[in-house]
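*Asks:*
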Amino acid sequence: MTGHQFLIFMYVFFSQFAALFIRGIDKDENLIPYKSNSKIINFVMYEILGFILCIPFVLLLLGVNLLMAFQVIEDSPL
């Protein structure tokens, strides 16, 4: 698994937990901007919020990934 695949996997993985967390604390559905009687639309709204909340975490992972890549380049015998 490459670094980019790992980042995408972690982003999707943690955004699912974020969506579950938001859904758990939002009993009155006040956090979603568009209320609907459709469970599917509400589910999609929570998923979008989960993706938005995980952006800083993914940027942190990307930064660590880049730092590790530059460290490998510096330690290279070439």
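Heads up, the final residue of the sequence shown is numbered 78 in our numbering, and it's a clean run with no missing numbers. Don't be surprised by glycine CBs; every beta carbon is placed ideally from N, CA and C. Note that this is a predicted model, so its numbers are computed, not measured.
Contact check, F21 vs C54 under 8 Å by CB: the rounded distance?
*Replies:* The residue labelled residue 21 in the question sits at position 21 within the sequence shown. The residue labelled residue 54 in the question sits at position 54 within the sequence shown. Not really, about 11 Å apart at Cβ, beyond 8 Å.
*Asks:* Is A19 buried or exposed, if buried means 16 or more other CB atoms sit within 10 Å of its CB?
*Replies:* Residue 19 sits at position 19 when you count from the first residue of the sequence shown. Per the 10 Å Cβ criterion, buried.
*Asks:* Given a cut-off of 8 Å, decide if V58 and Y11 are closer than it, judged by their beta-carbon atoms.
*Replies:* Reading the sequence shown from its first residue, position 11 is the one you call residue 11. Reading the sequence shown from its first residue, position 58 is the one you call residue 58. It is a contact, given that the beta carbons lie within the stated cut-off.
*Asks:* Residue ranges of each alpha helix (DSSP H) run of no fewer than 4 residues wholly in the region 3 to 55, ordered along the chain?
*Replies:* Runs found: 3 to 25 and 39 to 53.
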